[in-house]
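Colleague: Residue numbers (the working numbering), protein chains in the order written: chain A, 1 to 298; chain B, 1001 to 1298; chain C, 2001 to 2298; chain D, 3001 to 3298. First the structure, which I've put down as structure tokens, then a few questions once you've had a look.
There are 4 protein chains.
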Amino acid sequence: MSEPPPVSGSPLRERLHEIIFEADTPAGKTFDMALIAMICASVAVVVISTMESMQAEPYASILYVLEWLFTALFTAEYVIRLLIVRRPARYATSFFGIIDLLAILPAFIGFFVPGGERLLVVRTLRLLRIFRVLKLARYLSEAAALREALYISRHKIAVFITTVMIVVLISAAFMHIVEGNYGVGPPDESGNPTVGNPDFDSMPNAIYWAVITMTTVGYGDVTPTTAVGKGMTAILVLVGYSLIIVPTGILTAEISQQRSRPITTRSCPSCMLEGHDRDATYCKRCGQPLEPERHADA
Amino acid sequence: MSEPPPVSGSPLRERLHEIIFEADTPAGKTFDMALIAMICASVAVVVISTMESMQAEPYASILYVLEWLFTALFTAEYVIRLLIVRRPARYATSFFGIIDLLAILPAFIGFFVPGGERLLVVRTLRLLRIFRVLKLARYLSEAAALREALYISRHKIAVFITTVMIVVLISAAFMHIVEGNYGVGPPDESGNPTVGNPDFDSMPNAIYWAVITMTTVGYGDVTPTTAVGKGMTAILVLVGYSLIIVPTGILTAEISQQRSRPITTRSCPSCMLEGHDRDATYCKRCGQPLEPERHADA
Amino acid sequence: MSEPPPVSGSPLRERLHEIIFEADTPAGKTFDMALIAMICASVAVVVISTMESMQAEPYASILYVLEWLFTALFTAEYVIRLLIVRRPARYATSFFGIIDLLAILPAFIGFFVPGGERLLVVRTLRLLRIFRVLKLARYLSEAAALREALYISRHKIAVFITTVMIVVLISAAFMHIVEGNYGVGPPDESGNPTVGNPDFDSMPNAIYWAVITMTTVGYGDVTPTTAVGKGMTAILVLVGYSLIIVPTGILTAEISQQRSRPITTRSCPSCMLEGHDRDATYCKRCGQPLEPERHADA
Amino acid sequence: MSEPPPVSGSPLRERLHEIIFEADTPAGKTFDMALIAMICASVAVVVISTMESMQAEPYASILYVLEWLFTALFTAEYVIRLLIVRRPARYATSFFGIIDLLAILPAFIGFFVPGGERLLVVRTLRLLRIFRVLKLARYLSEAAALREALYISRHKIAVFITTVMIVVLISAAFMHIVEGNYGVGPPDESGNPTVGNPDFDSMPNAIYWAVITMTTVGYGDVTPTTAVGKGMTAILVLVGYSLIIVPTGILTAEISQQRSRPITTRSCPSCMLEGHDRDATYCKRCGQPLEPERHADA
């Protein structure tokens, strides 16, 4: 959503707004780059501070200071953002507003709830800000091309995901019957390992197995043990593998085509037609004017 | 197969037929959506009821009631379908007719055979109904495009699957010789672990290994232990990997091409030419009229 | 290689040659289909006979009889092939000739060397005959298209395989240094597990790990244990993954292109230009006549 | 960088320079081929000498002699390269110069530091020389096509890698919270296994897990144990899998397009336009002369 300009009349506020929220001005660009650098540094500190060897002195103290330094900086940034934006409530409830808050909250929670500061790893979510900055650089068209390829293929992808979900559920149900001890009801009288595989005794476990298997991750923590189960697994793997290659094909075809015909994700407001050229001003089917391309903002 | 219209003369029956079997009318659409929602809910109940923590009260009772509620609804639907369709035997023996029966049968089997209701997980098969409904929505063309890409590539895919099967079997045979204790005949006199790997002592096990390995799932429950076996595995993995990327290429090429030329799977009844445009009425090669596109039905 | 016609003058021999070696005549087609069916059946027998539960009576006896039945049939076929072909030595040393021999040899070896009949699983190699029959059916063009896509991309694939091999070797060398106990020379004085990971103590083991990892099979039987090793693995996996997607792209592009321009693998005998159209009679660059398309034979 | 010609005036030096550094002359080609063969042989020796069974006599002695033979030959080659090249310092600090040194250094280090010769496996790095020789052969255009496809897609790939990194970090952070025992701070009072999974107790471990999982390698040495963790893993695997197929699509589209329009990686020095045809001498947009294609050298 396009961020409304700040209340006019306060030059400092306007200047700060330009620096913090705008990205096309030199000051805005510099601020964004500094922010990304700071976010990366704070994530590095959080990652390092979870390592066991870093619990000893003097590392622990240094990391403790650094974590609070970044918390202070991010808190200041958050407060300033709230103060200078025209609609603070809207920023506070926006996607990036919530992430900005989540990045500082755990440190303060740590005062009241012991161990609360351990949640500081959610600070990694702030890395998503990088995508906002990517918009500005030369990577814009590349990122946009990828996003558009995904967007245009969304119906195909929806069909595909539905298919995968159904295949996963049916596979899981069959393996639950074949391999599990049927999950529901009282256990078998003897309870010997030949009757059922505890890995498949509930549908959620069987679904976990099906996803791990059909994406070819194959941890091996849940595996079939019976001959029938192994045979079914072999067939399901081949079926699942065939299924899961489909989106590669869809996406590749989309990217190939996009290359020769750069289009936008705008849809005609009157006839809903999609796939307009980037320089199109009127809908090619009904002649109604198109909205200019919107820019995401927060 | 196109479902024949019901015996005329009974308005209620005709109305019910329209609601349950037709999908283009508002009533039919609403019924289909409600059915899909109910199927999803019943699958969720079945999945949840297999979890160990759900065997305790009060969850067990609630789930028991819900399961019987869905069983009652699905039974009513099944009976009505049988009554209003002109050829009940044909529906009962159709793909979806069998699935509809399988979804309710386990509950009743549970009366006679203890534990029979555990088979209720086969109810997940009813999710396949979603594909029938997909036909109606805007996803039709997407699903059709995927199906056609697969259909048109079916000869290439047949060649590919044959090749994979042969490579799997030959790989399994070689690993069975190299790693296994030869399976057939009496075991080796010493039986020391250096002689054979029990994981490879039968061809079915070796085939299971070959499929799990060449699809890159790689559970790790069956792995080579000898130097020769490891070397062969490394080579087979590279060969198998190369083989298995082939269908991605085939499918992508097909989807790419289809994009620019939307075609159907109809073939000319007189010259067998395939690949007609969707709006074609006559064969483009021999000028004979084409059959209209058939709609799967059940 | 084109099989020479049999010595003329013997009608029976000529007739048998037509049945066994030719594939375009009805008799030849029937023979080929029967042979494929028999090969599949014999492979099924071999696979089943390696299962432990099939070592008991009465299965063992039945399978024993069936195995000898197929051995007798294949031996007869092999002898007849040798007798009717004009150059028996050439057939006997050809690819399929050796496979035909390998498929019957183990049974006879079993007379002299106990357990020799266990090698009967090499009979699976005869499944490769299926590819010869595929040539005849409608799958010819599909199989040919795949073969040509691979053939035309062979230089790219060679570059790719060389790259993969080098990356595998270098990765293995680095992991051998980082994770292994250096393999060469005397072991460390203490020999404690923190020093080296026995899984990486020799380069062949490290190469096995690298192949299993970079193809994303990931058995998990060889995994890094040190922090440095894990970090390197994460980087290598990403690098290797990027590398290994390359052939998919190459092949897809080739298949896409081939679709619109059916070409053959013939190269001009005078200027070595490749990629001639299927109906080309003269080289498009130098105008020299091209050889007609050769048909593989054996 | 184009290697400057040697100091003129010394015919022997000039001749050696031609043999060792040039690749288009018959002598240079022969030298390159011999060098590649020698590098491959030396790598084979190093690989074999790390095998445990090769530590015994007489293999150990033979391998010891062979290793020193190759060390001597490579040392001679390195010294001659240093002597005949016009700027020895530049060669010594070049990529291949450093690798050439690394390939011989460990043998000499072994004199002073026991076990130093174990680092001889870094000799595998010399295999990279193969890429220099590939430039000369018919594989040039293939290698160049691959390199260009990667080069042209570099912005898309940068966006993609950034996305993957962020998804990996965020996934790792969430699994660290859900599965780990929070890493930071004092351990839980009870320390029972239901509280935390030691595999996820530090962010680096969680990142290792995320990379191994999302590339579908799936070793299985680090796996989720809680229901929430398994559910999140299933979702992350599907998300990650979708993400990781993106570069395949990008690369395939690039290769497809390149096929029909062979271009180079040169960019116009005045308007920075890229994608010029291989035989272009002037920029197609602004008409300024283009630089001739540069040849990497060392």
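C-beta: ideal position from N, C-alpha, C; glycine also.
(1) Please state the DSSP three-state secondary structure of THR50(A).
(2) With ASN3197(D) as the anchor, note down where its alpha helix (DSSP H) starts and where it stops.
(3) Can you name the start and end residues of the alpha helix (DSSP H) that PRO2011(C) belongs to?
(4) Nearest-angstrom Cα distance between THR25(A) and ALA253(A)?
(5) Would you kindly work out how many angstroms separate the C-alpha atoms of ALA3056(D) and ARG3126(D), rounded to a whole number?
(6) Assuming ARG90(A) is part of the alpha helix (DSSP H), what are its boundary residues?
(7) What does the alpha-carbon distance come out to for the pair LEU2083(C) and GLU2018(C)?
(8) Thinking C-alpha only, which one of VAL1164(B), MET1175(B), VAL1045(B) and GLU1077(B) is nearest ILE1099(B)?
(9) I need the straight-line Cα distance from ALA60(A) to THR2225(C), nearest angstrom please.
(10) Excluding five sequence neighbours on each side, which residues of the same chain lie with their C-beta closer than 6 angstroms to the C-beta of ILE109(A)?
(11) Determine the direct distance from the alpha carbon of PHE1070(B) to that of SER1042(B), and round the result to whole angstroms.
(12) Go through its chain and collect everything with a Cβ distance to ALA2298(C)'s Cβ below 8 angstroms, but skip five positions before and after it.
(13) Tell me, please, whether the CB atom of TYR3208(D) is closer than 8 angstroms to any CB atom in chain C?
(14) Given ILE1212(B), which residues of its chain have a CB within under 6 angstroms of its CB, disregarding the five upstream and five downstream residues?
(15) Check whether the Cβ of THR1252(B) lies closer than 8 angstroms to any Cβ atom in chain D.
(16) Rounded to a whole number of angstroms, what is the C-alpha to C-alpha distance between ALA44(A) and ARG3123(D)?
(17) Going straight from the alpha carbon of VAL1047(B) to that of SER2049(C), what length do you get?
(18) What residues of chain D sit near GLY1220(B), judged by a beta carbon separation below 8 angstroms?
(19) At what residues does the alpha helix (DSSP H) containing GLU1067(B) begin and finish?
(20) Are the region 3200-3209 of chain D and the region 3164-3175 of chain D in contact at 8 angstroms, needing three or more beta carbon pairs?
(21) Could you spell out the range, first to last residue, of the alpha helix (DSSP H) harbouring TYR97(A)?
(22) Do you know offhand how far ALA2027(C)'s Cα is from PHE2021(C)'s?
(23) Hey, how far is the Cα of THR2030(C) from the Cα of GLU3052(D)?
(24) Could you confirm whether any beta carbon from chain D is found closer than 8 angstroms to the beta carbon of LEU12(A)?
(25) Is the Cβ-Cβ distance between THR3216(D) and ASP221(A) less than 8 angstroms?
(26) Give a yes or no on whether 8 angstroms exceeds the smallest Cβ distance from PRO3175(D) to chain C.
(27) Straight-line CA distance for TYR1241(B) to THR2163(C)?
(28) Measuring alpha carbon to alpha carbon, tell me which of GLY3229(D), ALA3089(D), ILE3130(D) and LEU3101(D) ends up nearest LEU3119(D).
(29) Could you give the first and the last residue of the continuous alpha helix (DSSP H) run that contains GLY302(A)?
(30) Looking at the structure shown, is TYR219(A) part of a helix, part of a strand, or coil, going by DSSP?
(31) What separation, rounded to the nearest whole angstrom, lies between the Cα atoms of PHE1200(B) and ILE3104(D)?
(32) Is THR1216(B) close to chain D, meaning its C-beta is less than 8 angstroms from at least one C-beta of that chain?
(33) Measuring straight from C-alpha to C-alpha, what distance separates ARG3013(D) and ARG3086(D)?
(34) Going by the CB atoms, is the gap between LEU35(A) and ARG154(A) shorter than 8 angstroms?
(35) Considering only the beta carbon of each residue, do MET203(A) and HIS176(A) sit closer than 8 angstroms?
(36) What span of residues does the alpha helix (DSSP H) with ALA2107(C) cover, start to end?
Modeller: Once the coordinates are examined:
(1) Numbered from 1 along the first sequence, position 50 holds the residue referred to as residue 50(A). Here THR50(A) sits in coil by DSSP.
(2) In the fourth sequence, the residue the question calls residue 3197(D) occupies position 197. From DSSP, ASN3197(D) is part of no alpha helix (DSSP H); its letter is neither H nor E.
(3) Numbered from its first residue, the third sequence carries residue 2011(C) at position 11. Its alpha helix (DSSP H) spans residues 2011-2021.
(4) Stepping through the first sequence from its first residue, residue 25(A) is reached at position 25. Stepping through the first sequence from its first residue, residue 253(A) is reached at position 253. Approximately 37 angstroms, taken between the alpha carbons.
(5) If you number the fourth sequence from 1, residue 3056(D) lands on position 56. If you number the fourth sequence from 1, residue 3126(D) lands on position 126. Computed Cα separation, rounded: 28 angstroms.
(6) Counting from 1 along the first sequence, the entry for residue 90(A) is found at position 90. First-last of the alpha helix (DSSP H) with ARG90(A): 88-92.
(7) Against the third sequence, residue 2083(C) aligns to sequence position 83. Against the third sequence, residue 2018(C) aligns to sequence position 18. Roughly 13 angstroms between the two C-alpha positions.
(8) Position 99 of the second sequence, counting from 1, holds the residue named residue 1099(B). It is GLU1077(B) whose Cα lies nearest to the Cα of ILE1099(B).
(9) Working through the first sequence from its first residue, we reach residue 60(A) at position 60. Working through the third sequence from its first residue, we reach residue 2225(C) at position 225. ALA60(A) and THR2225(C): Cα-Cα distance of roughly 25 angstroms.
(10) Within the first sequence, numbered from 1, the residue matching residue 109(A) stands at position 109. For ILE109(A), where only same-chain residues beyond five positions count, the Cβ hits under 6 angstroms are GLY116.
(11) As a first step, residue 1042(B) is located in the second sequence; it is residue number 42 there, counting from the start. As a first step, residue 1070(B) is located in the second sequence; it is residue number 70 there, counting from the start. Taking the straight line joining both Cα atoms gives about 6 angstroms.
(12) As a position in the third sequence, residue 2298(C) is number 298, starting the count at 1. The pLDDT assigned to ALA2298(C) is 30, lower than 50, so where the model puts this residue is not dependable, and the model offers no usable value.
(13) As a first step, residue 3208(D) must be located in the fourth sequence, where it is residue number 208. Judged by the 8 angstroms Cβ criterion, TYR3208(D) is in contact with chain C.
(14) Position 212 of the second sequence, counted from the start, is the residue given in the question as residue 1212(B). Contacts found: TYR1219.
(15) Here residue 1252(B) is taken as the residue at index 252 of the second sequence, counted from 1. By this cut-off, THR1252(B) is an interface position.
(16) By one-based count along the first sequence, residue 44(A) stands at place 44. By one-based count along the fourth sequence, residue 3123(D) stands at place 123. If you take the alpha carbons of ALA44(A) and ARG3123(D), they lie about 34 angstroms apart.
(17) As a first step, residue 1047(B) must be located in the second sequence, where it is residue number 47. As a first step, residue 2049(C) must be located in the third sequence, where it is residue number 49. Each residue's alpha carbon lies about 39 angstroms from the other.
(18) The count along the second sequence starts at 1 and reaches residue 1220(B) at position 220. The contacting residues are TYR3219 and GLY3220.
(19) Mapped onto the second sequence, residue 1067(B) falls at position 67. Looking at the DSSP string, the run of the alpha helix (DSSP H) that includes GLU1067(B) is 1059-1084.
(20) yes
(21) In the first sequence, the residue the question calls residue 97(A) occupies position 97. In the sequence under discussion, the amino acid at residue 97(A) is Gly, which differs from the Tyr named in the question. GLY97(A) -> alpha helix (DSSP H) spans 95-102.
(22) Counted from its first residue, the third sequence places residue 2027(C) at position 27. Counted from its first residue, the third sequence places residue 2021(C) at position 21. Answer to the nearest angstrom: the Cα atoms are 10 angstroms apart.
(23) As a first step, residue 2030(C) must be located in the third sequence, where it is residue number 30. As a first step, residue 3052(D) must be located in the fourth sequence, where it is residue number 52. The straight-line gap from Cα to Cα measures roughly 55 angstroms.
(24) Position 12 of the first sequence, counted from the start, is the residue given in the question as residue 12(A). No, LEU12(A) does not count as interfacial toward chain D.
(25) Residue mapping note: residue 3216(D) aligns to position 216 of the fourth sequence, counting from 1. Residue mapping note: residue 221(A) aligns to position 221 of the first sequence, counting from 1. In this structure, ASP221(A) does not lie closer than 8 angstroms to THR3216(D) by Cβ.
(26) By one-based count along the fourth sequence, residue 3175(D) stands at place 175. The amino acid occupying residue 3175(D) in the given sequence is Met; Pro does not appear at that position. Judged by the 8 angstroms Cβ criterion, MET3175(D) is not in contact with chain C.
(27) Translated into positions along the second sequence, residue 1241(B) becomes position 241. Translated into positions along the third sequence, residue 2163(C) becomes position 163. For TYR1241(B) and THR2163(C), the distance between alpha carbons rounds to 16 angstroms.
(28) Mapped onto the fourth sequence, residue 3119(D) falls at position 119. Residue LEU3101(D) is the option with its Cα nearest to LEU3119(D).
(29) With chain A represented from 1 up to 298, any question about residue 302(A) goes unanswered, as that position is not in the structure.
(30) Counted from its first residue, the first sequence places residue 219(A) at position 219. Reduced to three states, the DSSP call for TYR219(A) is coil.
(31) Sequence index remark: in the second sequence, residue 1200(B) carries index 200 (1-based). Sequence index remark: in the fourth sequence, residue 3104(D) carries index 104 (1-based). Using only the alpha carbons, I get a separation of about 43 angstroms.
(32) Sequence index remark: in the second sequence, residue 1216(B) carries index 216 (1-based). Chain D contact via Cβ: present.
(33) Residue numbering aside, residue 3013(D) sits at position 13 when the fourth sequence is read from its first letter. Residue numbering aside, residue 3086(D) sits at position 86 when the fourth sequence is read from its first letter. Those two C-alpha atoms are separated by around 10 angstroms.
(34) Here residue 154(A) refers to the residue found at position 154 when the first sequence is read from its first residue. Here residue 35(A) refers to the residue found at position 35 when the first sequence is read from its first residue. No, the pair does not count as a contact, with Cβ atoms beyond the cut-off.
(35) As a first step, residue 203(A) is located in the first sequence; it is residue number 203 there, counting from the start. As a first step, residue 176(A) is located in the first sequence; it is residue number 176 there, counting from the start. Cβ distance < 8 angstroms, so MET203(A) and HIS176(A) count as in contact.
(36) The residue labelled residue 2107(C) in the question sits at position 107 within the third sequence. Run containing ALA2107(C): 2105-2112, per the alpha helix (DSSP H) assignment.
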